[in-house]
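**Q** Okay, so the sequence shown: first residue is 284 according to the working numbering, each after it adds one. Each residue gets a CB set at the ideal place from its N, CA and C atoms; glycine is no exception. Got a structure for you, questions after.
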Amino acid sequence: MRPISSAILDVEAMRRVLEHPDMGAFDQVTVLPNPDKGSMEKAVDDLFADRQKDDLVLLYFSGHGLKAQNARFFLSTRDTGRDQNGDFRRATALAASKLQEYITDSRSQRQIIILDCCFSGALVQGMPIKGELNIQEELGGKGRAILTSSSPIEYSFESDNNDLSIYTKYLVEGIETGAADKDGDQLISVNELHEYASERVKEAAPAMTPKFYLSLEGEDTIYLAKSPLAATNPIFIYREKVREILDEWSKENICKENFNRVERNCLNELRNELDLSLNEADIIEQENLAPFRKRLQNLTEYKATFRELLADSISITEGNRRRLKELQSRYGLRDEDIQVIEEEVQNEVYPITPTIPPSTSPSAKIAQILHSIKTLKPKNFKLNLPVSIGIASIAVVSLFAIYRPDNCSKQTGDFISEGEEVLNYSQSFNKKKGAEYFAQCDYQKALLRFKDAWQQDRLDPETLIYLNNALLEANKMPYYTIAVAVSIPKNQNDFNDDDGDSRANEMLRGVAQLQTKINLGILNDNDPFLKYFPDQDFINKKAINGKGLKVVITNDENDELLAQKTASSLSQRPEILGVVGHYPSEMTVATVDIYNQNNLVLISPGSTTSELTKYPRKNFLRTVFSSDQQSPAIAKFLQEKSIKKVVGFYSEGSPFSESFFNSFKTIFTRPPFSGTVVKLDEFDLGNNFKAEEAIQELRRQTEAKITETIGLVLFPKAIGNAQGDAIRLIKLNNSQNWVIGSWGLRSSRTLEQIDNLQPFQKFVIAVPWDSLTSPNKNFLKDAKILWTTTSVNAITALSYDATLALTKALEKANTPTRINILEHLKSREFLVTKGATGTIQFDENGDRKKLDENGDPQDPSVEFVHIVECRTLSSDFAFVPIKYPTAKDAGLSCLNSPKKPSP
């Protein structure tokens, strides 16, 4: 692995202060420079073994910290390296779990662990981690203090010029100078030492946030060093005054090289009162100003680098953006710092003069005055310091907060947004600032922010939708408006909430892809606004009768009452001509009548419930096949496996789940299948389901009829714990019975639950579409251009088709209204070719007809997929159609298998 130049210097510096009789005064300090695993583990064992309860034991480590894909933490050794796939060899590193054993077995009740290492080593290599690293869980315990140089998702930073690493530098400084002794009691506690080092680190590298964990019994803290300075010592008093001033700098986000005149005079007066020499005062000042000067140097270097790149090209390439992000990380700069720098440089290199329309209103006059002040600069004026940059940024925000057009009526907090509010809980600084500008109707500024946010995260469809909307408004382009209703759960922690967030993004990608294609169609090749789209090589770009498409997003958080409230709000907005959504049948059933009462068409890409076929609504259509349409294919699969008896598991009360089970039961028990469907006592997925009891009951039935082959069908609802219950049931079944699951189980969260493929050998999922057998390759090519991947979910394809059907109806109506759009969609002549999932046409109930490439009727088909081994950066497994036995046969590129050659 890459050598860390400061590591050996770090341990030597810590040794010096810990064994010094006037500082740490430790009886024994053992230093291991660059040890192998055996030596390191033995030293750790020796350190914690044969100790007494009151012994103070300290373990310090400087080097590479590594995370395995299961989020387990390891300390690197001299032998640790990475293989050709980017994995580190675990046998050569010391596992935190092993370290925990030595620590826990020790009788010492005063233990200090200091880790100056990067916990994001695997992330730096681009390897996603299953779960979040929890240092306290890995190493915590009673009588123990843990100090870490960074959070579990950050770099730790090395200093330049062969100096100590930043965190260790301030640990040593805090002990050596006594500066960490906050209360002047001449003792330095672990709390005080961490607080001192943490404050200094954040002054030098604000993005780096050292962490501290303390768990003691009967004691407030652990003392690890002495300080030579009492609270009455002049040096202590002077240092505290310097710190008081610098703490104000930190709170105000000020970064400069030296004190201003007022601060300087105050310090000079205090120095004279304390009778300190100029040299003594200067040492204290330089020591405390060093972090600020380091940060200033990093800001200056980044600004110069960005200016040089921008001078060469108006847009930053993906490669350079990635390298800038790495530079930001290594400099320890926050997103806020970067945004201020880049905005200032962009305005200097490519100045944008905001246009303020004439107005006689008082607010407009104030805005014009402020605008004049802002644009009148002295000829030689230059912003040299980040503090000046910060002031300039505040001035800009103030200007546009004051200037707000009279007709700007954007509302936030209503779970509905066309750009004025971030709904998917994204923490992107650029995206949030873009939303602030959009809410003020400053579309030009919003456009710039959303463009930067999109370049930083090319997989965030919400950003792309807002970028499109800002483009339309900033350029005053004509457009039609539709809405998309998604379910982004408030709680992002448990199994299906994460999956729900993924489903929402997949839906938005489908909508955003078509929206972008349409809006690119109204721009000519020389249009200056074209630069805001990183990729313009879409196939068949085409506007809707010369107009663009605005998309309003609404989030119901998987809450039926909230879904009904947002549906009512959307229905009252006359510009909205149709809605794409919802994915869960529960939300669709809850809202469909509200839209119906307002003649607003609702096209669902995911709701399969047969309830909407049996009791059709005039305004409801779907691009996914209903449960009635999918059930015959599932029954036929079971028949081909000679399975005549099926045990069903579903979520009682769920419109999707219960209707799918009932549809399947009706089909499977009638000719030509004439099978049997039974229900166990334990069947209700997601409602206190006990998978172990269900398997025990199933085994009793199997033993009673040894010659009978029994299959399992799983129809878990899309919300709550149901899908997690289904995965546990599959694992316990351990491939003894064939299992067929509904398409909600085809998700990354399912793959993340697999550590052994054996239980999934007889598991297949019925899906409405798969990218590997897609009839529309152009759709996949556009997806590759836009999202940089062809790994497209069925939800994305079906959402694209729902949006496509709606826009085709807009195109057919010269003057679209809600009523004539619905009439076009329900017309027998309405036919959309070249959809992502094939030809689109609806029957009188709103169900999708299955048509072949020529538009002729065809029985609805279902694609069955299974799980195969395929190691990638995000998973060890993949879904492929069952006609492909392996990932290689399917043409997937895996780290453990060669890519299938192109035909």
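#1: Which residues mark the beginning and the end of the beta strand (DSSP E) in which F944 is found?
#2: Do A850 and I827 have their beta-carbon atoms positioned less than 7 Å apart in this structure?
#3: Just to confirm the assignment, what range does the beta strand (DSSP E) spanning N838 have?
#4: List, from N- to C-terminal side, the beta strand (DSSP E) runs of 3 residues or more that fit wholly inside the region 500-548.
#5: Since F943 and T906 should fall inside the 8 Å C-beta cutoff, what is the C-beta to C-beta distance between them, to a whole number of angstroms?
#6: Helix, strand or coil for R427 per DSSP?
#7: Relative to the C-alpha of S1031, which residue among N788, Q694, M306 is closest?
#8: Taking the continuous alpha helix (DSSP H) assigned at S322, which residues delimit it?
#9: For Q727, which residues in the same chain have their Cβ closer than 6 Å to its Cβ, ignoring the five residues on either side in sequence?
#10: What does DSSP give as the partner residue(s) for G1121 in the beta ladder?
#11: Are the Cβ atoms of L968 and D911 separated by less than 7 Å?
#12: Could you check whether Y450 and A480 sit closer than 7 Å to each other, using their CB atoms as the reference points?
#13: In the DSSP assignment, what residue or residues form a beta bridge with R365?
#14: Find out if the Cβ-Cβ distance for the pair F1043, I917 is shorter than 7 Å.
#15: Look at the alpha carbon of L1156 and the alpha carbon of R361, and state the distance between them as a whole number of angstroms.
#16: R526: which of A462, C538, E843, N945 sits nearest, CA to CA?
#17: Is A1096 helix, strand or coil when you go by DSSP?
#18: Leaving out five residues before and five after S263 in sequence, what residues of the same chain have Cβ atoms less than 6 Å from its Cβ?
#19: What number of angstroms, rounded off, separates the C-alpha of G889 from the C-alpha of L995?
#20: With distances taken between CB atoms, is the gap from R365 to F357 smaller than 7 Å?
#21: With a threshold of 16 other CB atoms inside 10 Å of the CB of N752, please say whether the residue is buried or exposed.
#22: Just tell me which of L997, A587, I287 has its CA closest to the CA of S914.
#23: Can you tell me the Cβ-Cβ gap for F821 and I1123, rounded? I've got them flagged as a contact below 8 Å.
#24: Along the alpha helix (DSSP H) that carries E1212, what are the first and last residues, could you check?
#25: With a threshold of 16 other CB atoms inside 10 Å of the CB of L335, please say whether the residue is buried or exposed.
#26: With DSSP collapsed to three states, give me the class of R732.
#27: Counting only beta-carbon atoms, is A1092 nearer than 7 Å to chain C?
#28: Roughly how far, in whole angstroms, is the beta-carbon of L315 from the beta-carbon of L330, given that I think they are within contact range, below 8 Å?
#29: Mapping DSSP to helix, strand and coil, what is R1131?
#30: At which residues does the alpha helix (DSSP H) containing T746 begin and terminate?
#31: Tell me, to the nearest whole angstrom, how far the beta carbon of K759 is from that of F721; I am working on the premise that it is less than 8 Å.
#32: Using the beta-carbon count (16 or more within 10 Å), is K279 buried or exposed?
#33: With G931 as the anchor, note down where its beta strand (DSSP E) starts and where it stops.
#34: Under 8 Å by Cβ, that's how I've got D1053 and V1148 pegged, so tell me the actual separation to the nearest angstrom.
#35: Could you check the C-alpha separation between R604 and A736 for me, to the nearest Å?
#36: Cβ atoms of G702 and A768: under 7 Å apart, would you say?
**A** Quick answer:
#1: Following the DSSP letters along the chain, one finds F944 in no beta strand (DSSP E) but inside the alpha helix (DSSP H) bounded by residues 938-951.
#2: Against a cut-off of 7 Å, the Cβ pair of A850 and I827 comes out as no contact.
#3: In this chain, the beta strand (DSSP E) harbouring N838 covers 831-838.
#4: Taken in chain order, the unbroken stretches of beta strand (DSSP E) that lie wholly in the region 500-548 and span 3 residues or more are 506-509.
#5: That pair is no contact at about 17 Å.
#6: Here R427 sits in strand by DSSP.
#7: If we check each option's Cα against that of S1031, N788 comes out closest.
#8: Boundaries of the alpha helix (DSSP H) around S322: 320-331.
#9: The answer, listed in chain order, is A757.
#10: Paired residue(s): G1118.
#11: Cβ distance not < 7 Å, so L968 and D911 don't count as in contact.
#12: It is a contact, given that the beta carbons lie within the stated cut-off.
#13: R365 has F371 as its beta-bridge partners, per DSSP.
#14: Cβ atoms of F1043 and I917: not closer than 7 Å.
#15: Just so you know, the alpha carbons of L1156 and R361 end up roughly 26 Å apart.
#16: Checked all of A462, C538, E843, N945; the closest Cα to R526 is A462.
#17: Coil.
#18: Outside the shown range of the chain, which is 284 to 1186, sits residue 263, and nothing can be said about it.
#19: C-alpha separation (whole angstroms): 23 Å.
#20: Taking 7 Å as the Cβ cut-off, R365 and F357 do not qualify as a contacting pair.
#21: N752 sits buried, since 16 or more C-beta atoms from the chains shown fall within 10 Å of its C-beta.
#22: If we check each option's Cα against that of S914, L997 comes out closest.
#23: That pair is no contact at about 20 Å.
#24: It is not possible to answer for residue 1212, since the shown part of the chain is limited to 284 through 1186.
#25: Looking at the sequence shown, residue 335 is not Leu but Gln. Counting Cβ neighbours within 10 Å, Q335 comes out exposed, since fewer than 16 surround it.
#26: Residue state, collapsed to three classes: helix.
#27: Absent here is chain C; the protein component of the structure consists of one chain.
#28: No, L315 and L330 are not in contact; Cβ-Cβ is about 10 Å, not under 8 Å.
#29: Looking at R1131 - three-state DSSP - the assignment turns out to be strand.
#30: Membership of T746 in the alpha helix (DSSP H) is indicated by the continuous run 744-757.
#31: Incorrect: roughly 15 Å between the Cβ atoms, too far for contact.
#32: Past the edges of the chain, shown from 284 to 1186, lies residue 279, and the structure says nothing about it.
#33: First-last of the beta strand (DSSP E) with G931: 928-933.
#34: Right, their Cβ atoms sit about 6 Å apart.
#35: Going by the C-alpha atoms only, they are around 11 Å apart.
#36: Contact: no.
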